[in-house]
Amino acid sequence: MVSISSEKITLSNGLDVLLHEDHAIPLVAVNVWYHVGSKDEEQGRTGFAHLFEHIMFEGSKHHNSSHFDPLQKAGANLNGSTTPDRTNYWEDVPSNYLELALWLESDRMGFLLDAVDQQRFDIQRDVVKNERRQSYENRPYGMASWEIQEALFPMPHPYHWMTIGSQEDLDAAALEDVKDFFRRYYSPSNSSLAVV
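If you read the sequence shown in the working numbering, its first letter stands for residue 332, the second for the next number, and so on.
In structure tokens form, the structure reads like this:
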């Protein structure tokens, strides 16, 4: 088994920070895990965690445009993903851009909702609905994984629905519904930050 030394610090706001220092290459990996996923949703309001995966790349109060632009200009590789148990955002950046990556992460953690308006919400909801069509509905046997998941995890199991959510729930979602979901789960005390 590989042993990698790390240090864990819990900040006063509840954020768990994991640190590992290695100067072998001039890169740093930043990974933020929000301990929320589709299992935290409720029937009739599915797809919110995955929707936030998209919304959180679209800007925040102090950087009200795409988070991809400044990081990619710095040479970073970045993305996010959502599972039933967590949502994460990661950046691999040249080490001299660590401050930028951490600042953008802190701004979207603390000030995202200031930048989320109806237009931004509608655009990203449409992106997610299109992703659902491409990944499941318009793909041969695409809905098979959906049927398997529902059979493996009958209601009321929190894994019953797919992370991407249902078209009906996404259509019915209101801006205030998703903002309430964010307020409930996207906080430092429900998150972990790894910096390597």
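The C-beta atom is built at its ideal place from N, Cα and C for all residues, glycine as well.
A504 - containing beta strand (DSSP E), residue span: Where A504 is concerned, there is no enclosing beta strand (DSSP E), given that its DSSP letter is neither H nor E.
S336 versus E507: straight-line alpha-carbon distance, rounded: Taking the straight line from one Cα to the other gives about 43 angstroms.
Inter-stretch contact at 8 angstroms, needing at least 3 Cβ pairs: the region 345-359 / the region 468-479: No, because fewer than three Cβ pairs between the region 345-359 and the region 468-479 fall closer than 8 angstroms, the two stretches do not touch.
CB of L435 within 8 angstroms of CB of H385, strictly: The answer is no: Cβ separation not under 8 angstroms.
Contained beta strand (DSSP E) runs [length at least 3] in the region 405-442, N- to C-terminal order: Runs of the beta strand (DSSP E) inside the region 405-442: 408-413 and 418-425.
Backbone CA spacing between E430 and F442 [nearest angstrom]: Using only the alpha carbons, I get a separation of about 17 angstroms.
Beta-carbon proximity list for K510, same chain, < 6 angstroms, skipping 5 on both sides: Taken in chain order, the residues that qualify are L444.
For V359 and S334, the rounded distance between their alpha carbons: Going by the C-alpha atoms only, they are around 19 angstroms apart.
Candidates I340, W421, K339 and G345, of which the one nearest N521 by Cα: Across the set I340, W421, K339 and G345, the C-alpha of G345 shows the shortest separation from the C-alpha of N521.
Collapsed DSSP secondary structure at N362 in the structure displayed: Reduced to three states, the DSSP call for N362 is strand.
Selected residue, minimal CA-CA separation from Y365, among K460, A407, F484 and G411: Relative to the Cα of Y365, the nearest Cα in the group K460, A407, F484 and G411 belongs to G411.
Best match in K404, E478, M387 and W421 for proximity to R456 [C-alpha to C-alpha]: Per the Cα distances, M387.
Alpha carbon of V527 to alpha carbon of W477, nearest angstrom: Near 36 angstroms, if we compare the C-alpha coordinates of W477 and V527.
Beta strand (DSSP E) segment containing V348, residue limits: Secondary structure note for V348: its beta strand (DSSP E) is the uninterrupted segment D347 to L350.
Under 8 angstroms between C-beta atoms of A446 and S518: A distance of 8 angstroms or more separates the beta carbons of A446 and S518.
DSSP three-state assignment for V526, whether helix, strand or coil: Residue state, collapsed to three classes: strand.
Continuous alpha helix (DSSP H) stretch holding E384: start and end: Boundaries of the alpha helix (DSSP H) around E384: F379 to I386.
Inter-residue spacing [alpha-carbon to alpha-carbon] between T413 and Y516: Spanning the two alpha carbons is a distance of roughly 14 angstroms.
Buried/exposed call for P485, threshold 16 Cβ in 10 Å: Classification of P485: exposed, given that the 10 Å Cβ count is below 16.
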